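So the protein lines, in turn, are chains A and B. Residue numbers for the first sequence follow my numbering, so the first one is 27 and each next one is one higher. Residue numbers for the second sequence follow my numbering, so the first one is 16 and each next one is one higher. We put the CB at the ideal spot given by N, CA and C, even for glycine. Since the structure is predicted, the reported quantities are computational estimates derived from the model, not experimental observations. In what follows, a single structure is set out as structure tokens and then discussed.
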Amino acid sequence: MITIQTNKEEDFYILKIRGEVDASSSIHLDNKIGEIIKSEKKILVDCNDLQYISSAGLGVFMSYIHEMEEGEIKMVLYGLGNNVKNVFHILGLDQLINIVETKEDAKLLVDAI
Amino acid sequence: MMQYNYTAPCSKKNLADIRNFVNKILTHHFNSEIEIHHMVLAVDEVCANLMIHSHKCNPKETIELLIDVKNQEVIFEIKDTGNGFNLKNYQEPTIKEIVVEKKKGGLGLMLVKRIMDKVEFIKNENSNVCRLKKKIPTS
């Protein structure tokens, strides 16, 4: 089960994920990202309350990398707990997806990349 | 040596219960939070794959999970009666292929293989078994 909450701070679009992203719930994340990249260019993903992610969730983030590059859309994840961060790390995906500690770092990185 | 088992209908909404079950048992026996999380993740990935690809998420069909906790090793067996999976035919995709071809699958088994010490898919006459082994250093 996940809930996704969104809000805007300046020109940053913040997507907060709560709960566990697995094969059952990843579709909601997929739909949400698919929808927001149509209009937003600077996306911050707040993972402070993301308790779990499986490959289905990783796959969602991976599947938008190409489209985001082509559309010059920037996305940065922040606030990942150790377990969640580690799942990205096992496959080296932390090299492909921007991950930082805090929202402030995320804003800085989105503006820099 | 302790053995545990859990049977779940092939509906993805049961994955959270399977994870809770595995987590509870492993937490009872082991201390390393990161190792426990890895094993929970690997079992979740195998169960999700079976539910989706072998059973088309049909809740009338089930998968059975056995956990065998030994002194310095945990063995997980996930049994089902679906089509079966042949690891010999599995070509691990590269990360590049996943990005370029926007494949949402393929990452699960990669995780399982990185996490576990041994991954086997065994096809019997009436059932299939995915056996995962993980060595646990004594704490």
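Please name the residues in the segment 83–94 of chain A whose beta-carbon is closer than 9 Å to at least one beta-carbon of chain B, in chain order.
So the close ones are L84, G85, V86, M88, S89, Y90, I91, H92 and E93.
Rounded C-alpha distance that separates B/F100 from A/K34
Position 85 of the second sequence, counted from the start, is the residue given in the question as residue 100 of chain B. Position 8 of the first sequence, counted from the start, is the residue given in the question as residue 34 of chain A. Taking the straight line joining both Cα atoms gives about 45 Å.
Tell me which residues share the same chain as B/P24 and place their Cβ nearer than 8 Å to its Cβ, disregarding the 5 neighbours each side in the sequence.
Position 9 of the second sequence holds residue 24 of chain B. Excluding residues within five positions, the ones whose Cβ falls inside 8 Å are P74, K75, E76 and T77.
Count Cβ pairs between the segment 80–96 of chain B and the segment 75–83 of chain A that sit closer than 8 Å; are there 3 or more?
Flag = no, the segment 80–96 of chain B and the segment 75–83 of chain A do not touch.
Just checking: is the beta-carbon of B/V115 within a distance shorter than 9 Å of some beta-carbon in chain A?
Taking the first residue of the second sequence as 1, we reach residue 115 of chain B at position 100. Nearest CB-CB separation between B/V115 and chain A: below the 9 Å threshold.
Is the beta carbon of B/L56 closer than 9 Å to that of A/V86?
As a working mapping, residue 86 of chain A is identified with position 60 in the first sequence. As a working mapping, residue 56 of chain B is identified with position 41 in the second sequence. Note that the C-beta distance between A/V86 and B/L56 is not below 9 Å.
Those residues which DSSP pairs with A/T29 across a bridge
As a first step, residue 29 of chain A is located in the first sequence; it is residue number 3 there, counting from the start. Bridge partners of A/T29: A/R44.
Considering only DSSP beta bridges, list what B/P24 is partnered with.
For this step, residue 24 of chain B is matched to residue 9 along the second sequence. Looking at the DSSP assignment, B/P24 forms a beta bridge with B/T77.
Residues of chain A with a CB under 8 Å from the CB of B/K28: which are they?
Translated into the one-based positions of the second sequence, residue 28 of chain B becomes position 13. Neighbours of B/K28 on chain A, chain order: S50.
DSSP three-state call for B/M8: helix, strand or coil?
Not covered by the structure: residue 8 of chain B. The range shown for chain B is 16 to 154.
Compare the C-alpha of A/M94 against each of A/E127, A/L106, A/L76 and A/I59 and name the closest.
In the first sequence, residue 94 of chain A corresponds to position 68, counting from 1. The shortest C-alpha to C-alpha distance from A/M94 to any of A/E127, A/L106, A/L76 and A/I59 is the one to A/I59.
Using a threshold of 9 Å, state whether the C-beta atoms of A/K100 and A/N74 are closer than that.
Locating residue 100 of chain A in the first sequence gives position 74, where the first residue counts as 1. Locating residue 74 of chain A in the first sequence gives position 48, where the first residue counts as 1. By the CB criterion at 9 Å, A/K100 and A/N74 fall outside the cutoff.
Taking A/E127 as the reference, which of A/K67, A/I63 and A/V71 has the closest Cα?
Locating residue 127 of chain A in the first sequence gives position 101, counting from the first residue. By alpha-carbon distance to A/E127, the top candidate from A/K67, A/I63 and A/V71 is A/V71.
For A/E96 versus A/L76, is the C-beta spacing smaller than 9 Å?
Counting from 1 along the first sequence, the entry for residue 96 of chain A is found at position 70. Counting from 1 along the first sequence, the entry for residue 76 of chain A is found at position 50. Against a cut-off of 9 Å, the Cβ pair of A/L76 and A/E96 comes out as no contact.
Can you tell me whether B/H49 is buried or exposed? The criterion is at least 16 other CB atoms within 10 Å of its CB, across all chains shown.
Position 34 of the second sequence, counting from 1, holds the residue named residue 49 of chain B. In the sequence on display, residue 49 of chain B carries Ile and not His. B/I49 should be labelled exposed.
Reference B/L41; option with closest CA among B/K128, B/N86, B/N64 and B/I67
Walking along the second sequence from the start, residue 41 of chain B turns up at place 26. Nearest C-alpha to B/L41: B/N86.
Can you tell me which of B/C145, B/L126, B/Y21 and B/M66 puts its alpha carbon nearest to the alpha carbon of B/K39?
Here the question's residue 39 of chain B lines up with position 24 in the second sequence. Closest by alpha carbon: B/Y21.
Using the Cα positions of B/L122 and B/I113, report the straight-line distance between them to the nearest angstrom.
Counting from 1 along the second sequence, the entry for residue 122 of chain B is found at position 107. Counting from 1 along the second sequence, the entry for residue 113 of chain B is found at position 98. Approximately 8 Å, taken between the alpha carbons.
Mind checking if B/E60 is an interface residue toward chain A, Cβ cutoff 9 Å exclusive?
By one-based count along the second sequence, residue 60 of chain B stands at place 45. Look at B/E60: its C-beta is under 9 Å from a C-beta on chain A.
By Cβ distance below 6 Å, which residues in the same chain neighbour A/R44 in space, the five residues on each side in sequence not counted?
Taking the first residue of the first sequence as position 1, residue 44 of chain A is located at position 18. Same-chain partners within the cutoff: T29 and D75.
Chain-order list of residues whose beta-carbon lies under 6 Å from that of B/Y19 (same chain, five-residue window excluded):
Position 4 of the second sequence, counted from the start, is the residue given in the question as residue 19 of chain B. Shown here for B/Y19: same chain residues with a beta carbon closer than 6 Å to its own, the five before and five after excluded, namely I40 and I82 in chain order.
According to DSSP, what are the bridge partners of A/N124?
Taking the first sequence and counting its residues from 1, one reaches residue 124 of chain A at position 98. Paired residues: A/V102.
Taking DSSP as the reference, what is the three-state secondary structure of B/C62?
Here the question's residue 62 of chain B lines up with position 47 in the second sequence. Three-state DSSP puts B/C62 in a helix.
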